[in-house]
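Enquirer: Starting off with a structure, shown below.
Numbering (mature numbering (1 follows the signal peptide of the UniProt record, and there is no 0)), first residue to last: -17 to -1, 1 to 1082.
Shown next, in the form of structure tokens:
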């Protein structure tokens, strides 16, 4: 919603008024409340002490203390009255400004909706303020009354005068949840009273419907009421019906209404009724604007605009986006009146169609059965003429509607046979396309229902498992735990003080800095001793207040504290929400939801356009061109497997170009699990299409936490923050021009000027006024400060948006509601199902590009540590199988050939490495795109080489390292560096190892030596190298004994080998890996590699 400050620029109000509008205390009020409570506590303590010591003087002491308390209470009441005396004027100014803005015809729907909501908020604030004055008067009267009857103990227990209206205080416009015994019905005087001498009663005078609604609730059931009338500010009337209407507003629910009377022709708006409450329906908000409703009609609506007391409520029928999205036209159904199709049934069906949709019951090759209310309709499917032919209507009981039926979102038009052929047929445009889409929809739904019934809906268990996994991760990552040694401890009353080495404390300070109270817990000897209350870095102190300190015994003079720091999980929470939204069908394209649940049912859905693609990139292979054509012409979902070096980024860039070329209004989302993949695409799009984009006004926006995440300098200008700065500058420049035009025209005004000049002048004034309002809305220091609706509007103006999967769910940037025509998800094999769902939920069409033969998604750090220990059985977690297998792989295995393809030519690796990769991981389906020139290779003849190293690896926690391999790698680097010095070349080297302990030792030794000036070296684990490439790759195997299951992981080994552009070196114990024992189901890939080298005479 638009903030008031953004809408009402130039309206100056006090901070007190602003706090009142939002029902918050000011800082001064908070301070006074604390001070008054402290004073009162002191006086109460004094009173209690004196009472015990001098019981005989109780009345005198109470009277003396009462006078003090009364004086303080009255001072507080006077302060609140003085403080809030200007609020009314401020609220009146805001109300006038809002009404003025609402009369402005130039405001956008986003602005109008926000103004209406703020109008209600201001009206509620004014009503609360009036009630607050009455509350203060009540408080003063209550105080005087207690004093008059000398009820001094009651005075001592009297609540403080409140700076805000108490929750139970009644006023006009109050919305509240109550139960039946809290409201009076039929004048019952025994119930409905609160402690402020106010009575709540039902609006049941001459209104039986209110009583019926009230009686529909159970005695203990809470329901909502709206207080909408009072005569004397003591007796308040409330409406349960309006409470239900507010429930519909809050939950965005539709409800059934009917017209008050028959609608007149061209009536701009009609009165409709909901449980005796009259509402307004504008003609533009009807599904069929020129249709005239009758008293007996009924139809579903949602509330569109409303005032605080629901005296003037506008509703709309145009809320069903599914109908608008799927239909786009009508499906003709012709009939001939006869004994099987009586006229009265047709009339009743037409009436029912005004508020209901057909239910599909069954379908065969040429027949279709539909239901509507108590009628079953039998059709013949005429595929030649693209229509339905109604043969029979049968009146049945609604119990015939089974769970296998479903609502048809298309509009079906019943039209008499002769009328159709005489008039309608000649005007039906695109009827063949619409009818084929309709039939396809029916077939898909019936297939899905049939398949689901056979599988007992177990397909959705995949997503239920992920829900459990995310909950598991949130629970197990809710605390970060670390140990810290204390030198000694001391005690100060209830405070335990632990003395910590200041250097040690400094190492952990970042973990506890800025944490809220109760977010850091201390444990000693497995006992939770309390929260961290304070710490001092300079003194090396940790302090904890412990209520049961006397129960702690034998605290060691020095020892170890276990520190548990509560951590927030925003990333996991976003994934949890995506799963929840998916389950509740909060998705742009519901067809995609069904396909994700049951991918085997996927069918190719063509776009039905005659687009002939002229490729921008003239170097595309036939395979790439064919895949681009298939992807482009698919309506819902397509999967592309992209092995290493096959040009995934190349086809993504071409797809973006073709999409925008054929639909300049198309909104495209580029996402990946990693920032680098997103930036690779955006960099290519920017460099290759800069002039075209500038000419056509196309634009890119990049969502990233900060610029450091951006891989390319030319992309940094597209970050939301940087773009917003430039945008504001452009708006200001335009505003200055408009202001100059307005002033110039004003200065040159002459009554004799032509009419056209005066019209131009008026137009400039209107443009200027609109610019002022827009500038007030968007001119904020930070994009996050802009109202959400405006942020969404600004973000949506861009043709291309780049983000990570999780980054897309950024509410502060207005991204959580933005929808896209196409979502292209790169590196899809590395994203989990919940991560993928975040962009999938937002798009009409989804393109998944990845490689399930490379690394699976990154999973929970604690689970990774267990995997790194080579003992997968240590993962005592029921859903381990879906952690091992990516969602992309799951889909690719099940989805039909019509909706998936593989890029089958690689251009990165030399022929020998490419052939090895194809043989080991791609069933010989991956071909070499071209033969590389090897003159500048380190070893032109031995492209792949195994350097045999003996010795033994050692353990480091759950990881492993091998010093002899490290020495051999350093020697090899020296030889390579010398070779390059002679050649005058510089090359990149990727040192890859499966183990983090080996990685750290390699990095430290190479850094310490600092000898390799001709090498750009990157050392990392396999898991961190996907998406990277290097001229030379050195793979350190590390292990020399034991189980090698972890190293035999096909996906890790594929990544390690396929990073190579020139030469590949294996470093390890050749004999061990050749003869290593494997599990029954495992294949020793290293044996295959060594055999390949020897057979090919490579090594």
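The beta carbon of each residue, even a glycine, is placed where N, CA and C say it ideally should be.
(1) With distances taken Cα to Cα, identify the nearest neighbour of residue 362 among 368, 353 and 721.
(2) Counting beta carbon pairs with one atom in the stretch 1061 to 1079 and one in the stretch 935 to 952, are three or more of them shorter than 8 Å?
(3) Would you list, in sequence order, the uninterrupted beta strand (DSSP E) runs of no fewer than 3 residues that lie entirely inside the stretch 931 to 1008?
(4) Which residues bound the beta strand (DSSP E) around residue 833?
(5) Name the DSSP beta bridge partners of residue 675, please?
(6) Could you work out which residue in 275, 915, 990 and 239 is closest to residue 252 when comparing CA atoms only?
(7) Go ahead and label residue 154 buried or exposed: buried means 16 or more other beta carbons lie within 10 angstroms of its beta carbon, across all protein chains shown.
(8) If contacts are defined as beta-carbon pairs under 8 Å, then residue 877 and residue 621 qualify, I think. What distance do you get, rounded to the angstrom?
(9) Under a three-way DSSP split, which group does residue 218 fall into?
(10) Considering residue 592, what are the terminal residues of the beta strand (DSSP E) in which it resides?
(11) For residue 15, does the three-state DSSP call read helix, strand or coil?
(12) List the endpoints of the continuous alpha helix (DSSP H) containing residue 605.
(13) I'd like the list of long-range same chain contacts for residue 414, defined as Cβ closer than 6 Å, with 5 residues on each side in sequence excluded.
(14) Which residues in the same chain as residue 957 place their Cβ atom closer than 8 Å to its Cβ, once the five residues preceding and following it in sequence are excluded?
(15) Which first and last residues belong to the alpha helix (DSSP H) in which residue 1076 is found?
(16) Exposed or buried, which one is residue 447 when buried takes at least 16 other CB atoms within 10 Å?
(17) May I ask whether a heavy atom of the ligand FAD can be found less than 7 Å away from the beta carbon of residue 1049?
(18) Considering only the alpha carbon of each residue, which of 16, 332, 375 and 116 lies closest to residue 351?
(19) Name the residue from 576, 464 and 345 whose alpha carbon lies nearest to the alpha carbon of residue 442.
(20) Could you give the first and the last residue of the continuous beta strand (DSSP E) run that contains residue 545?
(21) Do the CB positions of residue 824 and residue 570 come within less than 8 Å of each other?
(22) Please report the residue range of the alpha helix (DSSP H) in which residue 458 lies.
(23) Reducing DSSP to helix, strand and coil, say where residue 281 ends up.
(24) From the DSSP output, in three-state form, read off residue 513 for me.
(25) Taking only three categories from DSSP, how would you classify residue 374?
(26) For residue 630, which of 952, 912, 333 and 300 has the nearest alpha-carbon?
(27) With three or more beta-carbon pairs closer than 8 Å as the criterion, would you say the stretch 136 to 148 touches the stretch 182 to 200?
(28) According to DSSP, simplified to helix, strand and coil, what is residue 1045?
(29) Quick check on the burial criterion: 16 or more other C-beta atoms within 10 angstroms. Buried or exposed for residue 708?
(30) Can you check which of these residues, 838, 758 and 896, is closest to residue 870 by C-alpha distance?
(31) Buried or exposed, going by whether 16 or more other CB atoms sit within 10 Å of the CB of residue 236?
(32) Considering only DSSP beta bridges, list what residue 242 is partnered with.
(33) Quick one: Cα of residue 384 to Cα of residue 257, how far?
(34) To the nearest angstrom, how far is it from the Cα of residue 992 to the Cα of residue 983?
(35) Kindly indicate which three-state DSSP category residue 875 falls into: helix, strand or coil?
(36) Mapping DSSP to helix, strand and coil, what is residue 93?
Expert: Reading off the structure:
(1) 353
(2) no
(3) 937 to 939, 942 to 944, 970 to 976 and 998 to 1004
(4) Taken as a continuous stretch (DSSP letters only), the beta strand (DSSP E) holding residue 833 covers 826 to 833.
(5) Paired residue(s): none; residue 675 is not in a bridge.
(6) With distances taken between Cα atoms, residue 252 lies closest to 275.
(7) buried
(8) Contact doesn't hold; Cβ gap of about 14 Å is too wide.
(9) strand
(10) Here residue 592 belongs to no beta strand (DSSP E), and DSSP marks it neither H nor E.
(11) helix
(12) 605 to 615
(13) Residues 369 of the same chain have their beta carbon placed closer than 6 Å to that of residue 414, with the five preceding and five following residues left out of the count.
(14) Result list for residue 957: 994 and 995, in chain order.
(15) 1068 to 1078
(16) exposed
(17) Ligands are entirely absent from the displayed structure, and the ligand FAD is therefore not among its contents.
(18) It is 375 whose Cα lies nearest to the Cα of residue 351.
(19) 576
(20) 542 to 549
(21) yes
(22) 444 to 459
(23) coil
(24) Strand.
(25) Reduced to three states, the DSSP call for residue 374 is strand.
(26) 912
(27) With a cut-off of 8 Å, the stretch 182 to 200 and the stretch 136 to 148 do not count as touching, because too few Cβ pairs lie within range.
(28) strand
(29) exposed
(30) Ranking the options by Cα distance to residue 870, first place goes to 838.
(31) So residue 236 counts as exposed.
(32) 255
(33) With a pLDDT of only 43 at residue 384, under 50, the local geometry of the prediction cannot be trusted, and the value read off the model is given with reservation. Cα to Cα, the separation comes out at about 27 Å.
(34) 14 Å
(35) helix
(36) In this predicted model, residue 93 has a pLDDT of only 42, less than 50, meaning its place in the structure is not dependable enough to derive any value.
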